[in-house]
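Numbering (our numbering), first residue to last: 2 to 221.
Heads up, the beta-carbon is just placed ideally off N, CA and C, and yes, glycines get one too.
Nothing here was measured: the structure is a model prediction, and the numbers come from that model.
These notes concern the structure reproduced below.
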Amino acid sequence: MLQVFDIIGPIMIGPSSSHTAGAVRIGKYARSILGTEPKEAIIYFSGSFSKTYKGHGTDKAVIAGILGMETDDERIPISMEIATEMGVTFSFVEKEIDGAHPNTAEIVLKDAKGNQAVVQGASVGGGNIVINQINGTEVSISGKSDTLIIPHKDEPGMIAAVSNILAWNGVNIHGFSLCRDQKGGTAVMTIEIDGGIEEKVNQVILAHPHILGCTILKAI
């Protein structure tokens with residue numbers, strides 16, 4: 002028989018949507034960044050997450066997201082058992098991350114070929130999340146809409162070049178952030194868009210000589 006703290010439903014029954022629904026979404030986003038089936042997961046919990054994750058079921062919620070479950074999936078309470086049956090190994094580590102939101106998780110995922118993704122995100126209330134680091138690069142992603150992650154050479158006109166490509170193809174931008182390691186080095190655009198984007202548009206972006214990559218992350 003399930004205890005009330007183990008239940009996560011469509012209206013987010015449980016002790017806290019921040020510790021359940023938000024955690025599922027952070028896990029699911031980390032899975033999307035990896036882009037393949039995860040076989041190993043290390044989850045670092047910081048702040049409030051590190052103190053309450055067992056009692057609030059945050060551990061089960063994150064694993065559920067890593068396995069691709071939705072926030073109302075009835076299997077969430079047994080997600081860790083399912084992961085074990087699938088051969089996915091996982092561990093939890095309590096870690097204080099300087100300057101991080103109290104409900105922060107850093108997830109390290111690896112697939113069978115050794116490919117790795119490192120994603121840091123915060124559950125900011127009401128099931129909403131903010132992804133603030135991907136593979137060591139600072140970003141700001143809500144996960145509510147499709148998002149483009151575009152590493153590129155830090156050259157004049159790059160923002161205009163990409164935004165023009167999107168505009169010519171009828172893609173509307175509603176969120177944008179940029180970070181770089183140094184002037185003239187490598188920079189990363191994070192662009193949240195309305196609706197979806199066709200793969201052919203992605204190919205046009207990738208054809209630009211100063212673009213180093215373009216990853217389309219679907220809304221969760």
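**Message:** Measuring only the C-alpha atoms, how far is M81 from N165?
**Reply:** 45 Å
**Asked** Is I198 helix, strand or coil when you go by DSSP?
**Response** coil
**Request:** Rounded to whole angstroms, what's the CA-CA distance from I206 to G56? Just pull it up for me.
**Result:** 46 Å
**Message:** Helix, strand or coil, according to DSSP, for A70 in the structure here?
**Reply:** Before going further, note that residue 70 is Met rather than Ala in the sequence given. If DSSP states are grouped into helix, strand and coil, M70 belongs with coil.
**Prompt:** Under a Cβ-count criterion, where at least 16 other Cβ atoms within 10 Å of its own Cβ denotes burial, should M70 be classed as buried or exposed?
**Reply:** buried
**Request:** Using only alpha-carbon positions, find the residue among I160, G171, H102, D60 that is nearest to A84.
**Result:** D60
**Asked** Per DSSP, which one or two residues make a beta bridge with S178?
**Response** T191
**Request:** Whole angstroms is fine: what's the gap from L218's alpha carbon to L167's?
**Result:** 16 Å
**Request:** Would you kindly report the start and end of the unbroken alpha helix (DSSP H) that includes L149?
**Result:** Per DSSP, L149 belongs to no alpha helix (DSSP H); it is in the beta strand (DSSP E), 148 to 154.
**Request:** Report all residues from its chain with a CB closer than 7 Å to the CB of C215; omit the five preceding and five following residues, and keep chain order.
**Result:** L149, I151, N203, I206, L207
**Prompt:** Would G122 pass as a contact of N133 if the rule is Cβ separation under 8 Å?
**Reply:** yes
**Asked** Is the stretch 42 to 58 close to the stretch 90 to 106, with three or more CB pairs under 8 Å?
**Response** yes
**Prompt:** What is the rounded straight-line gap between the Cα of K154 and the Cα of A188?
**Reply:** 6 Å
**Prompt:** Based on Cα-Cα distance, which residue from S92, T191, N116, A113 lies nearest to E107?
**Reply:** S92
**Request:** Answer yes or no: do I67 and L110 have a C-beta to C-beta separation smaller than 8 Å?
**Result:** yes
**Message:** Please tell me whether T191 and V125 are closer than 8 Å, where the distance is taken between their beta carbons.
**Reply:** no
**Prompt:** Which residue from D195, E156, A220 puts its Cα closest to that of Q183?
**Reply:** E156
**Asked** What is the residue span of the beta strand (DSSP E) that E41 lies within?
**Response** 39 to 48
**Prompt:** Do the CB positions of G176 and E199 come within less than 8 Å of each other?
**Reply:** no
**Asked** Does DSSP put A220 in a helix, in a strand, or in coil?
**Response** coil
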